[in-house]
Amino acid sequence: MLLLFTLMSSFQALVATASEIPSSRNETLIGSAKKVAVRIVGGEITNIRNYPFLVSVQRRHFSHICGGTYIAPRFVLSAAHCMVRPMYGDKWIAESPLRFYAIAGATYVYFPAFSSMQMELIDRILPHTNFKFSNMHHDIGLFRLRKPFYISSYVRYVALPHAYDANIFQRYTDPCTAVGWGRHIPESDKGVGTYLRSVNLSLIPAEKCPVTGVDDKVHLCAGMLEEGGRDACQGDSGGPLLCNNTQIGIISWGQGCARPNSPGIYSRLDLYLTWLNETILNNDAAEIDSNLINVILVQLIMLLIM
Numbered sequence: 634m635l636l637l638f639t640l641m642s643s644f645q646a647l648v649a650t651a652s653e654i655p656s657s658r659n660e661t662l663i664g665s666a667k668k669v670a671v672r673i674v675g676g677e678i679t680n681i682r683n684y685p686f687l688v689s690v691q692r693r694h695f696s697h698i699c700g701g702t703y704i705a706p707r708f709v710l711s712a713a714h715c716m717v718r719p720m721y722g723d724k725w726i727a728e729s730p731l732r733f734y735a736i737a738g739a740t741y742v743y744f745p746a747f748s749s750m751q752m753e754l755i756d757r758i759l760p761h762t763n764f765k766f767s768n769m770h771h772d773i774g775l776f777r778l779r780k781p782f783y784i785s786s787y788v789r790y791v792a793l794p795h796a797y798d799a800n801i802f803q804r805y806t807d808p809c810t811a812v813g814w815g816r817h818i819p820e821s822d823k824g825v826g827t828y829l830r831s832v833n834l835s836l837i838p839a840e841k842c843p844v845t846g847v848d849d850k851v852h853l854c855a856g857m858l859e860e861g862g863r864d865a866c867q868g869d870s871g872g873p874l875l876c877n878n879t880q881i882g883i884i885s886w887g888q889g890c891a892r893p894n895s896p897g898i899y900s901r902l903d904l905y906l907t908w909l910n911e912t913i914l915n916n917d918a919a920e921i922d923s924n925l926i927n928v929i930l931v932q933l934i935m936l937l938i939m
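The sequence shown begins at 634 in this note's numbering and counts up one residue at a time.
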């Protein structure tokens, strides 16, 4: 009987079910918090083959809300504010995974029916538990896919930093790149863009960043200072800031889009590598169908009885 109990415990430990997180009655409050601009202006149209790790996070009925990047077989990296809704103060509640799905391999976000496109359901939402709307600290989270995407020339993993980089501003002196399907006309009421776009931006040290509330412990500042005209915008949140083909930031917030002396703010990724590794390890247990478990347990009991 001890053997049976041990086996049953082992099988139960392998079972991971999607948590039933309460759904919002309204649409997710993305972009309506004070600092958040679900935030490419001044860039150019590009192709998903240039950025095969980019993922469109959508609501049902093909409604793009945020970007993300493919970082592990069942995990898409994005911004925490893309997956939670505020309650009061800094309290928030995670959205239900049933409200979302992810599309990879698509250049045109509203014309996804191409052979390169893959769509997967999301079964778990994992925002950083210390995320705060008031200061946009820890604006990072993971969407867990029900099944992995297939790797192809249109779908690949993004390169991440290997460790914290104290010399990040000296290392990346060339322009970095933000990518997404967000608005390309600031203050437009036409929603997100249709085509994938990229824009080159310069990293700005925190002491030179004119945006109030930037904390270099968790944020990166990137954009154009006096001239403005280039930035991420509504619909780009959760997407990558890339330097030398490595993702160093997550599009997070800003004060408007592409305004002079108002660059965009990004979650600094090299500070969250431990959190990413631990969160993936803690939520990537193999899942076994419950019927299969029952069959196996019956067979084990029969063996013990015989």
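Backbone N, C-alpha and C define an ideal beta-carbon position, used for all residues, glycine too.
For clarity, every value in this text was computed on a predicted model and none was experimentally measured.
Measuring only the C-alpha atoms, how far is Pro706 from Phe782? Taking the first residue of the sequence shown as 1, we reach residue 706 at position 73. Taking the first residue of the sequence shown as 1, we reach residue 782 at position 149. Those two C-alpha atoms are separated by around 7 Å.
Is Ile801 helix, strand or coil when you go by DSSP? For this step, residue 801 is matched to residue 168 along the sequence shown. Helix at Ile801.
Looking only at C-alpha atoms, which of Asp848, Tyr734 and Ser689 sits nearest to Leu778? Residue mapping note: residue 778 aligns to position 145 of the sequence shown, counting from 1. Checking every option, the nearest Cα to that of Leu778 belongs to Tyr734.
Delimiting residues of the alpha helix (DSSP H) encompassing Asn910: The residue you call residue 910 lines up with position 277 of the sequence shown. Counting along the chain, the alpha helix (DSSP H) containing Asn910 begins and ends at Leu906 to Asn915.
In this structure, does DSSP put His694 in helix, strand or coil? By 1-based counting over the sequence shown, the position of residue 694 is 61. Correct three-state label for His694: coil.
Reference Val709, options Asp723, Ser748, Glu728 and Pro760, closest by Cα: Locating residue 709 in the sequence shown gives position 76, counting from the first residue. Nearest of Asp723, Ser748, Glu728 and Pro760 to Val709, Cα basis: Pro760.
Three-state secondary structure assigned by DSSP to Leu731: If you number the sequence shown from 1, residue 731 lands on position 98. For Leu731, the secondary structure class from DSSP, reduced to helix, strand or coil, is helix.
Just reading off the beta strand (DSSP E) that Ala855 is part of, what are its end residues? The count along the sequence shown starts at 1 and reaches residue 855 at position 222. Looking at the DSSP string, the run of the beta strand (DSSP E) that includes Ala855 is His852 to Gly856.
Starting from the C-beta of Asp822, find all residues in its chain whose C-beta is less than 7 Å away, skip the five residues before and the five after it, and write them out in chain order. Locating residue 822 in the sequence shown gives position 189, counting from the first residue. Summary for Asp822: the model assigns pLDDT 47, below 50, so the residue's position carries little reliability; its value from the coordinates is reported in the next sentence. Cβ within range, chain order: n/a, list empty.
Which value, in whole angstroms, describes the spacing of the CA atoms of Tyr828 and Leu906? As a first step, residue 828 must be located in the sequence shown, where it is residue number 195. As a first step, residue 906 must be located in the sequence shown, where it is residue number 273. Whole-angstrom Cα-Cα distance: 31 Å.
Endpoints, beta strand (DSSP E) assigned at Leu900: The residue given as residue 900 occupies position 267 in the sequence shown. Here residue 900 turns out to be Ser, not Leu, going by the sequence shown. Unbroken beta strand (DSSP E) run through Ser900: Gly897 to Arg901.
When the Cα of Met716 is compared with those of His694, Asp772 and Gly722, which residue comes out closest? Within the sequence shown, numbered from 1, the residue matching residue 716 stands at position 83. When each option's Cα is compared against that of Met716, the closest is Asp772.
Cβ-heavy atom distance between Leu904 and the ligand NAD below 7 Å? Inclusion of the ligand NAD in the displayed structure is not the case, the ligand content being empty and no account of it being possible.
Under three-state DSSP, which class holds Ile784? Here the question's residue 784 lines up with position 151 in the sequence shown. In this structure, Ile784 counts as coil in the three-state DSSP scheme.
Between the Cα of Arg830 and those of Glu840, Gly872, Cys854 and Ala796, spot the shortest distance and give me the residue it belongs to. If you number the sequence shown from 1, residue 830 lands on position 197. Proximity to Arg830 across Glu840, Gly872, Cys854 and Ala796 peaks at Gly872, based on C-alpha coordinates.
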